[in-house]
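Peer 1: In our numbering, each residue carries its 1-based index in the sequence shown increased by 98.
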Amino acid sequence: MKEVDLNYKIWLGSLKISNNIKVELLNQLGNEENIYIHRKDIEETGIKCASKFKNDINIDLNSRVINDINKKDYKIVTYLDKDYPKRLKNIDEPPYIIFYKGDLERAEDTNVAIVGSRKCDPYGKRCASLIASGLGKAGVGIVSGGAFGVDTEAHKKCVEENFYNVAVFGCGINLDYPVYNRELYKKIIKNGCIISEFFPDTPPLRYNFPQRNRIISGLSEAVIVVQAGEKSGSLITANYAVNQGKDVFAVPGDVFSSQSRGCNNLIKDGAGIFTNIGDLLNSIPFKIKKEGKCNKDGKKEENSEINQLLLSILENNILHIDDIIRVTNIDTSIIYELLCELQFENKIEVIPGDYYTKII
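1. Could you give the distance in angstroms between the alpha-carbon of Lys394 and the alpha-carbon of Cys147?
2. Spatial neighbours of Gln342 within its chain, please: C-beta separation below 8 Å, excluding the five flanking residues on both sides.
3. Since Phe267 contacts Gly244 with CB under 8 Å, what's their CB separation in whole angstroms?
4. Tell me which residues share the same chain as Lys285 and place their Cβ nearer than 8 Å to its Cβ, disregarding the 5 neighbours each side in the sequence.
5. Entirely within the region 157-218 and at least 4 residues each: give me those alpha helix (DSSP H) ranges in chain order.
6. Leaving out five residues on either side along the sequence, give the residues of the same chain with a beta carbon under 7 Å from the beta carbon of Lys138.
7. Grab me the residues of Ile240's own chain with a C-beta within less than 6 Å of its C-beta, minus the 5 sequence neighbours each way, in chain order.
8. Can you give me the C-alpha to C-alpha distance between Lys100 and Ile140, rounded to a whole angstrom?
9. Cα-Cα, which of Tyr434, Lys456, Gly451, Val448 is closest to Ser227?
10. Find the nearest neighbour of Glu206 within the set Gly237, Gly214, Tyr221, judged by alpha-carbon distance.
11. DSSP beta-bridge partners for Cys256?
12. Taking only three categories from DSSP, how would you classify Leu303?
13. Could you tell me the boundaries of the alpha helix (DSSP H) in which Gly360 lies?
14. At the level of alpha carbons, what is the spacing between Tyr134 and Ile108?
15. Going by beta-carbon coordinates alone, are Asn272 and Asp166 separated by less than 8 Å?
16. Around the C-beta of Thr98, are 16 or more other C-beta atoms found within 10 angstroms, so that it is buried, or is it exposed?
17. Give the DSSP-derived three-state secondary structure of Ala348 in the structure shown.
18. Which runs of the beta strand (DSSP E) spanning at least 3 residues fall entirely within the region 305-349, listed in chain order?
19. So the candidates are Ile322, Gly376, Gly331, Ile458; which of them puts its Cα closest to the Cα of Asn415?
20. In the DSSP assignment, what residue or residues form a beta bridge with Lys146?
21. With a CB to CB cut of under 6 Å and the five nearest residues on each side skipped, what residues in its chain are close to Leu202?
22. According to DSSP, is Glu447 helix, strand or coil?
23. Sort Ile196, Glu403, Val163, Tyr172 by Cα distance to Lys180 and report the nearest one.
24. For Ile449 and Gly376, I'd like the C-alpha separation in whole angstroms.
25. Can you check whether the CB of Leu407 is closer than 8 Å to the CB of Thr430?
26. According to DSSP, is Gly243 helix, strand or coil?
27. DSSP three-state call for Leu273: helix, strand or coil?
28. I'd like the span of the beta strand (DSSP E) that includes Thr455, first residue to last.
29. Reducing DSSP to helix, strand and coil, say where Val115 ends up.
Here is the structure:
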């Protein structure tokens with residue numbers, strides 16, 4: 099990318115007008131340079147906010163951004179670039195410009211959004227972690243918002259097990275927000291990506307977060323709301339997903355818990371009930387990776403032995419998860435992960451209510 103081209107892109111990206119207008123002009127005039135050259139004539143077209151196109155290139159802003167690209171190792175992709183995520187071109191108000199660090203190319207693969215409350219309880223954290231692990235083992239990438247709570251648990255599990263994941267920021271990527279996740283973001287970049295439509299030094303303003311939620315759903319095949327109160331921002335993501343024609347799933351929760359009312363209401367309104375990975379994989383034609391994955395500690399052989407044990411006790415039996423844990427005396431998180439593996443291999447079937455049986 100030539101620096102002169104980048105100057106035009108930064109200029110267009112910095113204008114305080116809607117992304118749809120920018121895209122409309124790109125379609126009419128062909129590229130950013132042509133828009134800049136004809137910027138003083140655009141007002142005659144009747145386009146809303148056309149007067150803002152009269153602004154010249156902000157040399158100070160452009161210099162800061164270009165210097166940051168060189169020093170802080172982030173990249174820019176804009177709507178007409180071949181590397182621009184194709185899924186985002188299909189949403190309403192596609193972001194004209196994206197700033198990112200890490201591997202954006204794999205965002206074109208199969209991804210699912212995991213979202214939920216910032217103030218989730220242990221149940222929500224456990225669900226987020228298990229869902230991220232199960233989908234990751236199926237070769238599905240995870241998209242979330244990098245916030246406290248459900249988002250953080252999903253990202254942490256992906257980093258721990260080396261699964262691809264994307265964090266969509268509601269601020270500029272020069273800011274580690276929340277600061278608590280600074281080290282987590284560094285790890286995400288190694289096998290994933292952090293992205294933002296906001297300029298690099300944009301503060302985490304409240305209204306930015308609902309706006310970025312359309313990107314979370316836009317990059318995903320489906321959205322899973324893990325735990326949400328009645329006014330949780332994750333419900334905005336679910337609404338975007340519905341408008342984008344994506345499937346929405348919700349993890350059912352305690353009917354007496356205020357933290358689960360949002361999820362339970364989604365289910366009443368027609369969202370898919372998510373009780374295990376099969377609920378999702380049976381509904382959407384994912385391209386699942388069939389090869390087994392060795393876990394971080396190199397325990398593939400040990401896990402294979404446990405898998406054989408699980409298959410033996412599930413043969414001609416239908417057992418609840420509690421009974422499986424009691425019989426095997428193996429840690430709950432490990433059992434769930436191995437049951438997910440067996441399910442992806444079509445060796446066991448999950449029955450509503452957290453029951454399992456071997457497929458004959």
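Heads up, the beta-carbon is just placed ideally off N, CA and C, and yes, glycines get one too. Keep in mind the model is a prediction, meaning the values are calculated, not measured.
Peer 2: According to the structure data:
1. Caution is warranted here: a pLDDT of 44 is assigned to Lys394, below 50, making its placement in the model unreliable, and no coordinate value can be reported.
2. Asn188, Ile189, Asp190, Arg312, Ser315, Gly316
3. 6 Å
4. Val257
5. 157-170
6. Lys152
7. Ile212, Ala230, Ala252, Cys256, Asn263
8. In this predicted model, Lys100 has a pLDDT of only 48, less than 50, meaning its place in the structure is not dependable enough to derive any value.
9. Tyr434
10. Gly237
11. According to DSSP, which records beta bridges pairwise, Cys256 is partnered with nothing at all.
12. coil
13. 359-366
14. 11 Å
15. yes
16. Only positions 99 to 458 of the chain appear in this structure, which leaves residue 98 out of reach.
17. strand
18. 320-323, 345-348
19. Ile458
20. Looking at the DSSP assignment, Lys146 forms no beta bridge with any residue, so it has no partner.
21. Cys291
22. strand
23. Ile196
24. 9 Å
25. no
26. coil
27. coil
28. 453-456
29. In the sequence as presented, Val is not what sits at residue 115; that position holds Ile. Looking at Ile115 - three-state DSSP - the assignment turns out to be coil, as it is neither helix nor strand.
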